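Per the working numbering, the sequence shown starts with residue 1, numbered consecutively.
Just so you know, even glycine gets a beta-carbon here, dropped at the ideal spot from N, CA and C.
Every value quoted in this text rests on a predicted model; they were computed, and no experiment measured them.
Worksheet for the structure shown next.
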Amino acid sequence: MSMPSRYETEISGSAMMAAMTEVHGRVWRQGRPQEDFSFDHVSDYLADDGTLVWVDVYDPDHATLTALADELKLNVWAVEDAMAPNERTKATVYHSHTFFTVYAIETVAPSDDSSSTLLKYRISGFVLPRGLITVRLPAETGGRWDTGQVSNRFDELGGQEHGVGALVHGLLDVVVDGHFDAVQALDDGIEALEDELFAEDGPKGGGLQRRTFRFRKDLVELRRVVLPMREVVSAIQHRRLDAKTSPELDPLYADLYDHVLRASEWTESLRDMVTTVFETNLSLQDARLNTVMKKLTGWAAVIAVPTAVTGFYGQNVQYPGIETVHGFVVSSAIIVVLVALLYVTFKRRDWL
């Protein structure tokens, strides 16, 4: 389900620019959804006690976002953070609003052993008393995160009765659910590595090492996204409690915080697991190499017996049995007996 109203505002200055900023919005009055959203009336919505508004801005131009911030009295540094590249997950409380940045995660099938299984979508938000302004930047892969699932989650919870706190909860809940899906996908991938690691024929080629290294990098990226979510949820919940609004949301935020903790702990445990897989693979490779060397050494010892005997009888000197049938029989018997003795001894010790 997409947001009902959609507007594209052209960025203009001294000359018209080709870039387009997409603006989506939803409005509720007295708990009822409205169809008359207009980006030009955002200030009026926020000034109306009985109105709740959600404005979603996709790929904004800096000038457009700055103009919106001036109109809504948003903190200038928060606006800069919303546009800055590689901003970390965080939440900052200002006098009139709360600013946060989170990353939604989507799992994809890797194209090869070195490809990532995660896609990140950055979402920044300005939480106002009667509205939520979200700013989304394009992903590096060109994909786009679906905001319709947030609308669905908000409607399912009947969030119109609880104001902006329910809207923010719906957004964060969908983001955290995506984190769980990503952790689950990585967990399944690591278990597949373990199964391949201890297979009877062992891992084939260098694919396991590459996939293990890829999982380690994915977990590092996921950890940077998941761990700071505790700070974000806590800051938003405490700011809302300070305002003493919608106490009915307390159990929902407590449950959301619990999900964040579980995702964080799961991510940490997976880091230990993938490190163990990496180290175990190296240990098994050393063990297999030792086994091969042991077998080669045993066969070399077995082969050395006939080499030594035939070498002795091949001397250019006189020795007992030279040029006689019984000399050939004795030398052959010595070779057979010693080889059989070494073979049985090494076999009992599992050297062959």
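Legend entry - Same chain, Cβ closer than 8 Å to residue 335, neighbours up to 5 away in sequence not counted: 305, 306, 309 and 310
Legend entry - Close beta carbons around residue 46, own chain, < 8 Å, minus the five adjacent residues each side: For residue 46, where only same-chain residues beyond five positions count, the Cβ hits under 8 Å are 53, 72, 128, 129, 130 and 131.
Inset, instruction - For residue 94, name the three-state secondary structure that DSSP assigns. - result: coil
Inset, instruction - Go through the stretch 119-190 residue by residue and report every complete run of the beta strand (DSSP E) that reaches 3 residues or more, in order. - result: Taken in chain order, the complete beta strand (DSSP E) segments of 3 or more residues contained in the stretch 119-190 are 131-136.
Inset, instruction - Grab me the residues of residue 173's own chain with a C-beta within less than 7 Å of its C-beta, minus the 5 sequence neighbours each way, in chain order. - result: 153 and 256
Legend entry - Cβ-Cβ separation, residue 225 to residue 179 (assumed contact under 8 Å), whole Å: 7 Å
Legend entry - Nearest to residue 147 (by Cα), restricted to the options 117, 124, 212 and 231: 124
Inset, instruction - Decide if the stretch 103-118 is in contact with the stretch 179-190; the criterion is three or more beta carbon pairs, one per stretch, under 8 Å apart. - result: yes
Inset, instruction - Check the DSSP bridge columns for residue 53 and list the partner residues they point to. - result: 27 and 131
Inset, instruction - Determine which residues share a DSSP beta bridge with residue 101 and list them. - result: 90 and 124
Legend entry - First through last residue of the beta strand (DSSP E) which encompasses residue 32: 32-34
Inset, instruction - Can you say whether residue 193 is buried or exposed, counting buried as having 16 or more other CB atoms within 10 angstroms of its CB? - result: buried
Inset, instruction - Report the rounded CA-to-CA distance for residue 242 versus residue 191, giving the unit in angstroms. - result: For residue 242, the pLDDT reaches just 46, beneath the cut-off of 50, and the residue's location in the model is therefore unreliable, although a value from the coordinates is still provided. If you take the alpha carbons of residue 242 and residue 191, they lie about 44 Å apart.
Legend entry - Under the three-state DSSP convention, the category residue 268 falls into: helix
Inset, instruction - State buried or exposed for residue 229, treating a residue as buried only when at least 16 other CB atoms are found within 10 Å of its CB. - result: buried
Legend entry - Residue nearest to residue 170 in terms of C-alpha spacing, selected from 134, 198 and 140: 134
Inset, instruction - Between the Cα of residue 238 and those of 93, 218, 43 and 298, spot the shortest distance and give me the residue it belongs to. - result: 93
Inset, instruction - Please confirm whether residue 57 and residue 65 have their CB atoms less than 8 Å apart. - result: yes
Inset, instruction - From the DSSP output, read off the bridge partner residues of residue 107. - result: 118
Inset, instruction - From the DSSP output, in three-state form, read off residue 82 for me. - result: Look at residue 82 here: in three-state DSSP terms it is helix.
Inset, instruction - Take residue 332 and list the residues in its own chain whose beta-carbon comes closer than 6 Å to its own, dropping the five residues that flank it on each side. - result: none
Inset, instruction - Express the C-alpha separation of residue 91 and residue 55 in angstroms, rounding to a whole number. - result: Whole-angstrom Cα-Cα distance: 19 Å.
Legend entry - Enclosing alpha helix (DSSP H) for residue 324 [first to last residue]: Note, residue 324: premise wrong, no alpha helix (DSSP H); not H, not E.
Legend entry - Cutoff 8 Å: residue 135 Cβ touching any chain C Cβ: In summary, chain C is missing from the structure at hand, where a single protein chain is found.
Inset, instruction - Helix, strand or coil for residue 40, going by three-state DSSP, please let me know. - result: Helix at residue 40.
Legend entry - Limits of the alpha helix (DSSP H) - the one that residue 215 falls within: 207-226
Inset, instruction - Tell me whether residue 199 sits in a helix, a strand or coil according to DSSP, three-state version. - result: coil
Legend entry - Cut-off 6 Å between Cβ atoms - residues of its own chain near residue 253, not counting five sequence neighbours on either side: 237
Inset, instruction - Could you check how far apart the C-beta atoms of residue 342 and residue 300 are, in whole angstroms? I think they sit under 8 Å. - result: The pair is not a contact, with the Cβ atoms about 11 Å apart (cut-off 8 Å).
Legend entry - Simplified DSSP state of residue 113, which is helix, strand or coil: coil
Legend entry - residue 111 beta carbon less than 8 Å from that of residue 214: no
Inset, instruction - Give a yes or no on whether the C-beta atoms belonging to residue 281 and residue 208 are separated by under 8 Å. - result: yes
Inset, instruction - Confirm, please, whether the CB-CB distance from residue 117 to residue 189 is below 8 Å. - result: Yes, these two residues count as a Cβ contact at 8 Å.
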